[in-house]
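Chains as they are written, first to last, in this note's numbering: chain G, 8 to 584; chain L, 349 to 633. Where a beta carbon is used, it is the ideal one built from N, C-alpha and C, also for glycine. First up is the structure itself, then whatever we jot down about it.
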């Protein structure tokens with residue numbers, strides 16, 4: 008078994024992103040598991056950026072720690088990344104752009120390569136140095152260069168056979184470079200896998216469940232959802248780029264009212280603008296899905312760095328009270344299923360569903376063996392289709408709080424949805440009736456009707472409880488969303504070191520089944536793991552389940568939490584327990 | 349077809365919005381559109397209670413946001429006749445950005461702005477169309493901001509039907525609305541609709557002295573003339589206010605250009621099969 012972390016570092020514009028995605032694709036096609044993440048800055052050219060690809064023949068859940076192979080395309084890469092090198096790491100560096108003298112005599116395997124020269128010599132273009140370096144990596148990793156050659160021919164086919172041939176030559180020049188030897192034994196299982204990032208999996212999951220409308224304003228790290236919908240408009244969906252996020256959510260509400268499954272997406276800043284619209288969806292009981300991919304805040308914060316700082320915000324955003332569902336997918340593949348399920352929940356309970364992503368999950372790619380389409384079922388909830396003899400009550404008071412809705416175009420079921428408090432027909436009780444006895448009673452009944460949907464959700468759905476990994480452990484790491492991957496691996500390492508550690512992870516966070524959650528957590532030694540300063544999940548659990556978690560592992564420096572980070576801190580905590 | 353609901357208007361006695369209500373009702377009746385395919389969308393303000401007076405579909409949405417809601421409806425189902433009824437605060441103040449963008453997109457929406465040059469429902473503050481010097485509770489020393497010229501704004505943003513009506517002339521207003529609905533593309537109808545309670549400056553009498561109908565000599569296909577006419581109130585120190593159709597042109601609507609909606613209403617496109625989803629995933633393998 009081998010488990011290798013490769014980091015390719017250079018300046019923005021040097022193509023490290025395509026290198027990372029190519030390398031992870033080669034691994035995925037070679038029957039291996041891969042996890043591809045990026046470190047980048049809010050600059051288009053220059054600065055310092057890297058791609059990290061972890062490749063293993065075992066199942067992996069996170070980006071990995073340290074660096075086993077560094078590809079340094081400039082001096083900055085040597086200077087900034089060498090602190091993270093694992094012992095005995097390979098360092099491939101471009102001799103025309105960097106020297107590795109500072110790393111000499113430290114047990115690293117230093118491989119200087121004239122990457123630009125090789126690129127020009129073989130492909131006639133310095134840009135091919137990424138292809139050369141991937142060739143060299145494949146040799147070290149012991150992977151079949153034929154897989155890469157096939158990908159190159161697919162990639163460059165449109166540019167002509169000569170370009171394909173040149174790139175294949177460049178790849179082989181790297182692969183056959185004197186002094187580079189195979190160093191790892193990766194055993195692929197022969198099954199090609201998907202390599203896909205969280206946002207794309209989410210977008211395709213939404214598409215699979217019949218989401219036909221996506222509205223958004225560009226904002227990192229949600230923009231790749233927009234890019235998917237824009238590129239796939241010819242599949243019978245509409246993507247609308249809007250003037251701002253206010254328009255995005257209100258268009259989504261309009262489209263959903265008209266009967267189309269609709270979604271909008273943004274990050275925390277854009278979500279702040281969407282907040283009033285969220286309340287409109289709550290009041291008009293319009294089924295919409297909103298994606299909030301968190302980045303480091305407050306305000307503009309670190310636009311290219313990750314955090315889990317918006318959980319309590321999205322749960323409480325908007326004036327007044329209304330039912331909403333908040334779900335934070337724990338992995339790339341879960342983002343696919345969660346997105347598909349979100350529309351069923353939104354339409355079944357006629358309320359907004361918020362999918363809480365974060366930069367790390369949105370933009371990291373991992374291998375997925377397969378997607379199970381049979382799990383994608385479409386349930387559009389209660390829809391009235393035939394007019395009765397009486398005027399249609401769009402907001403009819405029902406025992407479960409859900410009233411059948413009608414789709415505009417259906418005769419005899421017309422109604423006006425109102426952001427004001429209204430009666431069962433949708434007529435206002437906010438102006439000439441406000442404060443009158445009848446209106447006071449109507450307000451109470453209508454508010455109770457809407458809020459009652461929370462009880463109905465908890466009764467009818469079994470998703471609002473945490474997931475326990477490893478029964479009967481002595482300690483549990485408690486986490487939500489994307490942090491789960493690193494927590495699972497940390498627990499695995501701790502167990503390998505003789506400590507009985509499990510993980511309790513949350514995806515469907517709101518509403519919370521308080522009783523079941525309490526039952527699962529009570530009496531256990533818990534360590535809260537989150538990417539924020541205040542421990543928002545711990546706060547939520549204290550408020551909802553009366554569980555007070557004293558020990559916390561919190562990270563809020565913008566970098567994704569790693570298994571090594573959790574393992575180290577958890578050891579410290581357990582030592583003192 | 350009866351387009352009225354059982355809801356009674358709550359406008360102040362004498363409010364200009366009565367005239368606009370009558371005009372919209374007349375326009376719909378004359379067009380005889382199936383009311384189940386009509387959606388009337390409003391924002392917040394006195395005028396925005398309008399949808400409730402109708403027995404069509406619709407939404408009484410947020411302050412300033414009827415245009416995005418209406419756009420979402422049109423993009424989801426281009427068989428719907430979508431009408432926005434709103435006020436000057438909604439359209440030209442808090443929601444002004446949406447006006448620019450819906451105009452340049454040319455979404456097929458008919459927007460009727462009941463422009464009373466005051467915030468009525470919040471009891472009389474200055475609005476984006478209040479005139480310089482207007483004394484309101486928020487401008488007790490007189491308004492010092494240049495008013496927005498909604499027609500010039502809409503024209504320069506690319507609106508394809510730009511008109512102004514006066515609620516004191518509901519027959520003419522009904523004609524402008526009717527033609528706005530028939531127009532294929534975004535139609536803005538700025539409707540001078542006096543607030544009899546809070547606007548003591550721009551009263552019916554004030555308007556009757558100034559308003560005149562654009563004559564047969566006005567060519568609504570002439571953009572330059574339309575701009576000139578739109579600027580006439582400012583140019584004449586608010587002595588002459590033309591009403592009527594300022595400008596109309598043909599340009600494909602957003603719905604006609606969009607890769608998907610050009611083939612028919614989005615709501616009617618089929619759900620993807622698992623094969624379709626597999627195809628979408630293929631390139632990630």
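- Put simply, the CB of residue 548/L is far from chain G, with every gap to its CB atoms at 8 angstroms or more.
- When the alpha-carbon of residue 330/G is set against those of 459/G, 528/G, 490/G and 470/G, the nearest one is in 459/G.
- Judged by beta-carbon spacing, residue 428/G lies beyond the 8 angstroms limit of residue 439/G, meaning their Cβ atoms are not closer than that value.
- Cβ proximity to chain G below 9 angstroms picks out 353, 354, 355, 356 and 358 from the segment 353-377 of chain L.
- The CB of residue 562/G never comes closer than 9 angstroms to any CB in chain L; the least such distance is about 29 angstroms.
- Taking a contact to require three or more Cβ pairs closer than 8 angstroms, the segment 24-34 of chain G and the segment 155-164 of chain G qualify as touching.
- Residue contact check for residue 215/G against chain L: a CB pair falls below 8 angstroms.
- For the segment 595-623 of chain L, the set of residues with a beta-carbon nearer than 8 angstroms to any beta-carbon of chain G comprises 606, 607, 608, 609, 614, 615, 617, 618, 619, 620 and 622, in chain order.
- Listed by position along chain L, the residues whose Cβ is nearer than 8 angstroms to that of residue 258/G are 416, 417, 419, 420 and 423.
- Using beta-carbon distances, residue 265/G counts as an interface residue toward chain L, with a partner under 8 angstroms.
- Residues 83 and 87 of the same chain have their beta carbon placed closer than 6 angstroms to that of residue 55/G, with the five preceding and five following residues left out of the count.
- The segment 389-405 of chain G makes contact with the segment 415-433 of chain G, as at least three CB pairs between them are under 8 angstroms.
- Where residue 581/L is concerned, the enclosing alpha helix (DSSP H) starts and stops at 580-583.
- Between the beta-carbon of residue 370/G and that of residue 45/G there is about 6 angstroms, and that keeps the pair under the 8 angstroms contact cut.
- The alpha-carbon of residue 584/L is positioned some 12 angstroms away from that of residue 559/L.
- Note on residue 95/G: under 16 other CB atoms within 10 angstroms of its CB, so exposed under the neighbour-count rule.
- Within 8 angstroms of the CB of residue 242/G, the CB atoms of chain L belong to 620, 624 and 628, in sequence order along the chain.
- For residue 408/L, the enclosing beta strand (DSSP E) begins and ends at 405-408.
- Taking a C-beta cut-off of 9 angstroms against chain L, the contacting residues of the segment 405-417 of chain G are 413, 414, 415, 416 and 417, listed in chain order.
- Just measuring C-alpha positions, the residue of 107/G, 451/G and 69/G sitting nearest residue 77/G is 107/G.
- DSSP places residue 392/G in the coil class of the three-state scheme, outside both helix and strand.
- Under the Cβ distance rule, residue 157/G does not count among the residues neighbouring chain L, no pair being separated by less than 8 angstroms.
- As summarised for the segment 426-464 of chain L, the continuous beta strand (DSSP E) elements at least 3 residues long and confined to that stretch are 429-435 and 457-463, given in chain order.
- Taking a cut-off of 8 angstroms on C-beta distances, the segment 374-391 of chain L does not touch the segment 225-241 of chain G, as fewer than three cross pairs fall below it.
- Rounded to the nearest whole angstrom, the C-alpha separation of residue 539/G and residue 278/G is 18 angstroms.
- Proximity of chain G to residue 632/L at the Cβ level (cut-off 8 angstroms) is accounted for by 201, 202, 203 and 207, in chain order.
- Using a Cβ-Cβ distance cut-off of 8 angstroms, the segment 320-330 of chain G and the segment 188-206 of chain G are not in contact, since fewer than three pairs of beta carbons, one from each stretch, lie closer than that value.
- Note that the C-beta distance between residue 50/G and residue 25/G is not below 8 angstroms.
- Taking the C-beta atoms as reference points, residue 411/G is found nearer than 8 angstroms to residue 391/G.
- Sequence-distant partners of residue 196/G (beyond 5 residues in either direction) whose C-beta falls short of 7 angstroms from its own C-beta, in its chain, are 38.
- Looking at 509/L, 418/L, 537/L and 543/L, the one whose alpha-carbon comes closest to that of residue 568/L is 509/L.
- Residues of chain L with a Cβ closer than 7 angstroms to the Cβ of residue 338/G do not exist, since the nearest Cβ in that chain sits about 15 angstroms away.
- Interface annotation, residue 410/L: in contact with chain G, CB-CB separation under 8 angstroms.
- For residue 284/G, the C-beta contacts it makes with chain L under 8 angstroms involve 410 and 413, in order along the chain.
- Cα atoms of residue 527/G and residue 11/G: separation of roughly 36 angstroms, rounded to the nearest angstrom.
- Residue state for residue 204/G is assigned as strand, using DSSP reduced to three classes.
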